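Comments concern the structure below.
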Amino acid sequence: MTIPPIAGARPDEVRRHNRTALLRRLHIDGPCTRAALTSELGLNRSTIKALVDGLAESGVVEERVPLQRSGAGRPSLLVLPQPHAAVVLAIDIRVEGVAIALVGLGGQILGRNSWNLYGRSSQPDEVVNHVVESTRWLVGELQVETAAVGVSVPGVVRRSDGLVHEAPNLHWTDIPLGEWLSTGLGMPVRLGNDAELGALAEHVRGAARGASDAVYVSADVGVGGGVISASSLMRGTSGYFAEIGHMVVKPGGRPCYCGSHGCWETEIGEAALCRALDLPEGSPRGAIVAALKELSAHPSLARDQLAEFIDWLSLGLVNVVNMLGPELVVLGDLFTSLPAAIIADIGREVRTRSLVSRAVGGTRIVPSVLGGDAKLIGAAELAFEPVLGTM
Numbered sequence: 001m002t003i004p005p006i007a008g009a010r011p012d013e014v015r016r017h018n019r020t021a022l023l024r025r026l027h028i029d030g031p032c033t034r035a036a037l038t039s040e041l042g043l044n045r046s047t048i049k050a051l052v053d054g055l056a057e058s059g060v061v062e063e064r065v066p067l068q069r070s071g072a073g074r075p076s077l078l079v080l081p082q083p084h085a086a087v088v089l090a091i092d093i094r095v096e097g098v099a100i101a102l103v104g105l106g107g108q109i110l111g112r113n114s115w116n117l118y119g120r121s122s123q124p125d126e127v128v129n130h131v132v133e134s135t136r137w138l139v140g141e142l143q144v145e146t147a148a149v150g151v152s153v154p155g156v157v158r159r160s161d162g163l164v165h166e167a168p169n170l171h172w173t174d175i176p177l178g179e180w181l182s183t184g185l186g187m188p189v190r191l192g193n194d195a196e197l198g199a200l201a202e203h204v205r206g207a208a209r210g211a212s213d214a215v216y217v218s219a220d221v222g223v224g225g226g227v228i229s230a231s232s233l234m235r236g237t238s239g240y241f242a243e244i245g246h247m248v249v250k251p252g253g254r255p256c257y258c259g260s261h262g263c264w265e266t267e268i269g270e271a272a273l274c275r276a277l278d279l280p281e282g283s284p285r286g287a288i289v290a291a292l293k294e295l296s297a298h299p300s301l302a303r304d305q306l307a308e309f310i311d312w313l314s315l316g317l318v319n320v321v322n323m324l325g326p327e328l329v330v331l332g333d334l335f336t337s338l339p340a341a342i343i344a345d346i347g348r349e350v351r352t353r354s355l356v357s358r359a360v361g362g363t364r365i366v367p368s369v370l371g372g373d374a375k376l377i378g379a380a381e382l383a384f385e386p387v388l389g390t391m
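Take a look at the structure:
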């Protein structure tokens, strides 16, 4: 990573830019030596020394002699980010529950809490009240200060102020969630669509690390997607983007929460999986996962029982790959429980049927490695984006 010069920048602006780049390197990739920082950031040794010394003096990093040394001479000191130097609150709001976590510099989860949503507790004001109360308790238990808040929401979210324009599966419309949470928590709050933040998490800390162009597709009650393009998260106009679950694949098909018919999520979402597995609609998540894991031991049976589901999932992914041309597609949430043989079959089908996949040498289809924490981790990274620039 070579940092380009900043035309016409003052020395203090250059220092701040370099400091942010160094902090981001440590936050994302973890401890490394001064020598490695010099090489990766394209800065000279004296600049790295001044930056690290300043961060160490303010308690943001710590330096140690590496446990394992290579070569003769004095070893380059290992620079480690200190988790408590900057802590953010991550909130993951789902259709069935809410999870919160306090996450320190470097991505370490310091503490967490979660609860189910049902009845009145799923109303937005009740969710906000519970988040505020739970956060106060968690902050008090851990004795930390939080710098910012990131929130994942399963809906269409306006980036500028955190207005939830619509979250169909929560039955929320035009909810000023960002304003309510900012007032209740007393700190800056940034909101994002859940699947977009899942994509961010996978790119930064998961299966899409190192991928310049990737798509994250997740199945919960609904289906969502997030896109990494040229190593950056695509966010669309005002933050409205990638509602791929509402791509119509079957005109005149089943009614969707969004008001349309035949949306992709009606054929591959949670309800569709229940139908494919011969489970009652609305079955507990654990029952769906257990049924999928049981099928993992019987690939032939899995292919037969999930044949229609596989067809619809493959069809949508072919469309997604043809439109966006990613090198990688990461499957999240319920899709991570699909038998490995099924994911392999879907990958082959997409590579065979997608013109773009063939052109780019074959798009890979892989399950998430972050599992149920992907969107929580993505919310934390959303909160850290401005924090790293002000430390």
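Okay, so the sequence shown: first residue is 1 according to UniProt numbering, each after it adds one. From the three backbone atoms N, C-alpha and C, an ideal C-beta is built for every residue, glycine too. Treat the numbers as computed from the prediction; the structure is a model and nothing was measured.
Once you ignore the five residues that flank Ser76 on each side, which residues in its own chain have a CB closer than 8 Å to its CB?
Indexing the sequence shown from 1 puts residue 76 at position 76. Thr33, Arg34, Ala35, Ala36 and Pro66.
Can you tell me whether Ser160 is buried or exposed? The criterion is at least 16 other CB atoms within 10 Å of its CB, across all chains shown.
As a working note, residue 160 is residue 160 in the sequence shown. Classification of Ser160: exposed, given that the 10 Å Cβ count is below 16.
Residue range of the alpha helix (DSSP H) that Asp29 falls in?
Locating residue 29 in the sequence shown gives position 29, where the first residue counts as 1. Asp29 -> alpha helix (DSSP H) spans Pro11 to Asp29.
By the 10 Å Cβ neighbour count, where 16 or more other Cβ atoms means buried, how is Pro11 classified, buried or exposed?
As a working note, residue 11 is residue 11 in the sequence shown. Answer is exposed; the Cβ neighbour count stays below 16.
Am I right that Val318 and Val366 are in contact with their C-beta atoms under 8 Å? What's the rounded C-beta distance?
Counting from 1 along the sequence shown, the entry for residue 318 is found at position 318. Counting from 1 along the sequence shown, the entry for residue 366 is found at position 366. Between the beta-carbon of Val318 and that of Val366 there is about 17 Å, and that puts the pair past the 8 Å contact cut.
Beta-carbon spacing of Glu381, Val204 below 8 Å
Stepping through the sequence shown from its first residue, residue 381 is reached at position 381. Stepping through the sequence shown from its first residue, residue 204 is reached at position 204. Cβ distance < 8 Å, so Glu381 and Val204 count as in contact.
My assumption, with CB atoms under 8 Å, is that Val156 sits in contact with Glu166. Please give the rounded CB distance.
As a working mapping, residue 156 is identified with position 156 in the sequence shown. As a working mapping, residue 166 is identified with position 166 in the sequence shown. Glu166 and Val156 do touch by the CB rule: their CB atoms are close to 5 Å apart, below 8 Å.
For Gln143, which option in Thr20, Ile109 and His84 has the closest C-alpha, if you only look at C-alpha atoms?
Within the sequence shown, numbered from 1, the residue matching residue 143 stands at position 143. With respect to the C-alpha of Gln143, the residue from Thr20, Ile109 and His84 having the closest C-alpha is His84.
Please name the residue in Glu126, Leu338, Asp125 and Glu385 whose C-alpha comes closest to that of Ala291.
If you number the sequence shown from 1, residue 291 lands on position 291. Of the candidates Glu126, Leu338, Asp125 and Glu385, the residue whose Cα lies closest to the Cα of Ala291 is Leu338.
Proximal residues to Gln82 (C-beta, below 7 Å), its chain only, five neighbours per side dropped:
Taking the first residue of the sequence shown as position 1, residue 82 is located at position 82. So the qualifying residues of the chain are Gly59, Val60, Val61, Glu62 and Leu105.
Alpha carbon to alpha carbon, what distance is there between Leu376 and Glu202?
For this step, residue 202 is matched to residue 202 along the sequence shown. For this step, residue 376 is matched to residue 376 along the sequence shown. C-alpha separation (whole angstroms): 11 Å.
Spatial neighbours of Arg16 within its chain, please: C-beta separation below 8 Å, excluding the five flanking residues on both sides.
As a first step, residue 16 is located in the sequence shown; it is residue number 16 there, counting from the start. Within the same chain, Arg16 has close Cβ partners Gly389.
Going by other Cβ atoms of all chains shown within 10 Å of its Cβ, with 16 needed for buried, is His246 buried or exposed?
Numbered from its first residue, the sequence shown carries residue 246 at position 246. Buried is the call here.
Tell me Val87's beta-bridge partners as DSSP assigns them.
Residue mapping note: residue 87 aligns to position 87 of the sequence shown, counting from 1. In DSSP, Val87 forms a bridge with Gly104.
Give the DSSP bridge partners of Thr33, in chain order.
Here residue 33 corresponds to residue number 33 of the sequence shown, with the count starting at 1. According to DSSP, which records beta bridges pairwise, Thr33 is partnered with Leu78.
Within 10 angstroms of the Cβ of Pro251, are there 16 or more other Cβ atoms? Answer buried if so, exposed if not.
Taking the first residue of the sequence shown as position 1, residue 251 is located at position 251. It counts as exposed.
Anticipated Cβ contact below 8 Å, Val215 with Val320, distance rounded:
Your numbering for residue 215 matches position 215 in the sequence shown. Your numbering for residue 320 matches position 320 in the sequence shown. With 8 Å as the limit, Val215 and Val320 qualify as a contact, their Cβ atoms being about 6 Å apart.
Rounded to whole angstroms, how far is the Cβ of Gly162 from the Cβ of Leu200, which I believe are closer than 8 Å?
Here residue 162 refers to the residue found at position 162 when the sequence shown is read from its first residue. Here residue 200 refers to the residue found at position 200 when the sequence shown is read from its first residue. So it is not a contact: roughly 16 Å between Cβ atoms.
Could you pull the DSSP bridge partners for Asp213 from this structure?
To locate residue 213, count along the sequence shown from 1; it is residue 213. Looking at the DSSP assignment, Asp213 forms no beta bridge with any residue, so it has no partner.
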